[in-house]
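Comments concern the structure below.
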Amino acid sequence: MEGINKNRLFLASCMALVVTSMTFAIRARLETVFGPEGVGLTLEQIGYAFTPAFWGFTLAMIIGGPLVDSLGIKKITWIAFITHAIGIVLTITATSMTSLFIATLFVGIGNGMVEAALNPMIASIYPKNKVKMLNRFHVWFPGGIVIGSLVGYLIMDVMGLGWQIMVATLFIPLIIYAVMFLGQKFPVTERVEMGVSYNDMLKSVGKPLFLFMVFCMLLTAASELGTTQRIESLLKTSGAAPLLVLAFINGIMALGRAFAGPVIHKMQPAGMLLFSAIFTFIGLWLLTITSGGMLFLAAAVFAVGVTFFWPTMIGFVAEYLPETGALGMSIMGGAGMLSVSIVLPIMGKIMDDAGANEALRTMSVLPLILIVLFVGLNVYMKKRKA
Numbered sequence: 000m001e002g003i004n005k006n007r008l009f010l011a012s013c014m015a016l017v018v019t020s021m022t023f024a025i026r027a028r029l030e031t032v033f034g035p036e037g038v039g040l041t042l043e044q045i046g047y048a049f050t051p052a053f054w055g056f057t058l059a060m061i062i063g064g065p066l067v068d069s070l071g072i073k074k075i076t077w078i079a080f081i082t083h084a085i086g087i088v089l090t091i092t093a094t095s096m097t098s099l100f101i102a103t104l105f106v107g108i109g110n111g112m113v114e115a116a117l118n119p120m121i122a123s124i125y126p127k128n129k130v131k132m133l134n135r136f137h138v139w140f141p142g143g144i145v146i147g148s149l150v151g152y153l154i155m156d157v158m159g160l161g162w163q164i165m166v167a168t169l170f171i172p173l174i175i176y177a178v179m180f181l182g183q184k185f186p187v188t189e190r191v192e193m194g195v196s197y198n199d200m201l202k203s204v205g206k207p208l209f210l211f212m213v214f215c216m217l218l219t220a221a222s223e224l225g226t227t228q229r230i231e232s233l234l235k236t237s238g239a240a241p242l243l244v245l246a247f248i249n250g251i252m253a254l255g256r257a258f259a260g261p262v263i264h265k266m267q268p269a270g271m272l273l274f275s276a277i278f279t280f281i282g283l284w285l286l287t288i289t290s291g292g293m294l295f296l297a298a299a300v301f302a303v304g305v306t307f308f309w310p311t312m313i314g315f316v317a318e319y320l321p322e323t324g325a326l327g328m329s330i331m332g333g334a335g336m337l338s339v340s341i342v343l344p345i346m347g348k349i350m351d352d353a354g355a356n357e358a359l360r361t362m363s364v365l366p367l368i369l370i371v372l373f374v375g376l377n378v379y380m381k382k383r384k385a
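Each step along the sequence shown adds one to the number in numbering that gives the first Met the number 0, with nothing skipped, and position 200 is 199.
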């Protein structure tokens, strides 16, 4: 890969993911700003206003995934920058459910384009360490949520400043990643490098193993992001500061992903996914029966569970189904975000009618199903290697 500065591209990618992840933390804080005690939206209405962050992400990934091969990684990356910038400006000026919905849509498209372009780029520049480097890249999803959570807590809860200032802090990592990508040479995708035809790529996404992983992605993403995105409402009466709990969860996730290499080597991706499902179920169940300081223990168990979900699901496809190319990774990420867009209003409705604990109990069913599915995946992968 002559002329390609791998380190700079990787660091710029991490900064782009920081923008993506900070939007999740800041949006979680905006729930109280636009909620019943603020602008006056119900929790169900806020759920609908936030859904474009997820199906917009899905739309961007499904469209951006195939375009990565034809337009190139570079152009998709700059589309991400433009839509991010528009989304941030529109969020700052939002005053209603409709304006928040439109702002969230642009942010979601920007986030989706980041993943559509940069997951396959990292798989391309690190072909021998895909799962490891994708985990390191995705350190900055929880890492950015920690940053966003602390920024939101300090600006609004400690300093008492306006929420618009909190949202405006997104411009800092946005400008940094634009400058770092400026003038850089980008690689072609791994599918193009391998010489796999477009038709073969389309056929490969119909394989049973790939379709199984897509279904699992619906449940893993909803378990993780459905819970953390509604943390303000879920923990509002718990006696703990929700954004600090969110920062704590994502701090653990960032550490886990940073040191994922030895774990991957020992457990293999399928084993990591089963481990994750077990701890996620226990963590969600503990969140329904704890309060105050003990919430942090429950949150720690939950964090250990969801740490490896997203990057390992993407990495599994990159490792064992490389012929699916950028499209395969995009379908995986898109399916994950689509499931969150479905689950957010459902959670809001349950919280409006039956309370936070009932919402958490309902969510705990998802990792319970995943335990069964990932036991089956482990059996299949062992037979495949035999």
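From the three backbone atoms N, C-alpha and C, an ideal C-beta is built for every residue, glycine too.
Nearest-angstrom Cβ-Cβ length linking residue i and residue j, presumed shorter than 8 angstroms
i	j	result
MET14	ILE175	5 angstroms
ALA24	SER148	4 angstroms
LEU326	LYS206	Incorrect: roughly 13 angstroms between the Cβ atoms, too far for contact.
GLY132	SER12	Going by the sequence as given, residue 132 is Met instead of Gly. At roughly 10 angstroms, the Cβ-Cβ gap does not stay under 8 angstroms, so MET132 and SER12 are not in contact.
SER203	THR90	Actually they are not in contact, since the Cβ atoms of SER203 and THR90 sit about 38 angstroms apart, beyond 8 angstroms.
GLY143	LEU16	6 angstroms
PHE33	ILE45	6 angstroms
PRO186	ILE330	Rounded, the Cβ-Cβ distance is 21 angstroms, inconsistent with contact.
MET216	ALA334	5 angstroms
LEU369	ALA276	4 angstroms
PHE280	LEU367	5 angstroms
MET195	GLU318	Here the sequence assigns Val to residue 195, which means Met is not the residue at that position. Contact flag wrong, Cβ pair sits at about 15 angstroms.
Selected residue, minimal CA-CA separation from residue i, among the options
i	options	result
PHE295	THR306, GLY282, ALA122	GLY282
SER69	LYS384, VAL191, ALA239, ILE370	VAL191
ALA116	PHE180, ILE154, LEU254	PHE180
GLY182	MET346, GLY375, LYS73, LEU242	LYS73
ILE124	ILE45, THR188, ILE154	THR188
THR97	TRP77, TYR47, GLN163, LYS127	TYR47
VAL88	THR103, ILE78, ALA317, PHE278	THR103
GLY107	GLY64, VAL371, GLY55	GLY55
THR94	GLY255, VAL38, ALA246, MET380	VAL38
MET200	ALA259, VAL178, ILE75, VAL316	VAL316
MET346	GLU43, PHE274, THR19	GLU43
MET105	LYS127, THR92, ASN118, THR82	In the sequence on display, residue 105 carries Phe and not Met. Closest option to PHE105, Cα to Cα, is THR82.
LYS127	ASN198, ALA246, GLY314	GLY314
MET420	VAL145, SER237, ALA276	Summary: the structure shown does not reach residue 420, with the chain confined to residues 0 through 385, and so no result is reported for it.
ASP156	PRO35, PRO241, VAL195	PRO241
MET165	ALA358, ILE368, GLY151, GLY159	GLY151
GLY291	TYR379, ALA239, LEU376	ALA239
THR50	LEU99, LEU359, PHE80	LEU99
LYS235	PRO35, GLY63, LYS384	PRO35
ARG18	ALA122, VAL145, GLY64, GLY225	What sits at residue 18 in the sequence shown is Val, not Arg. Ranking the options by Cα distance to VAL18, first place goes to VAL145.
MET336	LEU8, THR226, MET350	THR226
GLN163	ALA355, GLY71, THR92	THR92
Element boundaries [alpha helix (DSSP H), containing residue i]
i	result
VAL38	Unbroken run through VAL38: none, as it is neither H nor E.
THR76	72-91
TYR152	Where TYR152 is concerned, there is no enclosing alpha helix (DSSP H), given that its DSSP letter is neither H nor E.
THR97	96-124
MET193	189-193
SER232	230-233
ALA302	294-305
LEU133	129-136
THR349	The question names Thr, but residue 349 is Ile in the sequence shown. 324-353 is the span of the alpha helix (DSSP H), which, as asked, contains ILE349.
MET179	170-180
THR22	5-33
PRO241	241-257
VAL288	It should be pointed out that residue 288 corresponds to Ile in this sequence rather than to Val. No alpha helix (DSSP H) holds ILE288; DSSP gives it neither H nor E.
MET216	207-220
GLU318	308-319
MET158	Element bounds for MET158: n/a, residue is neither H nor E.
LYS184	Counting along the chain, LYS184 falls outside any alpha helix (DSSP H), and DSSP gives it neither H nor E.
GLY46	42-49
SER203	197-203
GLY2	Element bounds for GLY2: n/a, residue is neither H nor E.
LEU369	364-384
Are there three or more Cβ pairs, one per stretch, closer than 8 angstroms when the region 204-216 is compared with the region 251-268? no
Any chance the region 28-40 sits against the region 217-235, with 3 or more Cβ pairs inside 8 angstroms? yes
Given 8 angstroms, three or more beta-carbon pairs between the region 170-187 and the region 273-288: no
If we count Cβ pairs, one from each stretch, closer than 8 angstroms, do we get three or more for the region 105-113 versus the region 55-65? yes
Quick test of the definition: if touching needs 3 or more C-beta pairs under 8 angstroms, does the region 299-309 touch the region 244-256? yes
For the region 333-343 and the region 219-227, state whether three or more C-beta atom pairs, one from each stretch, are separated by less than 8 angstroms. yes
Between the region 136-146 and the region 305-315, do at least 3 Cβ pairs fall closer than 8 angstroms? yes
Could you tell me whether the region 78-86 touches the region 353-368, where touching means 3 or more Cβ pairs closer than 8 angstroms? no
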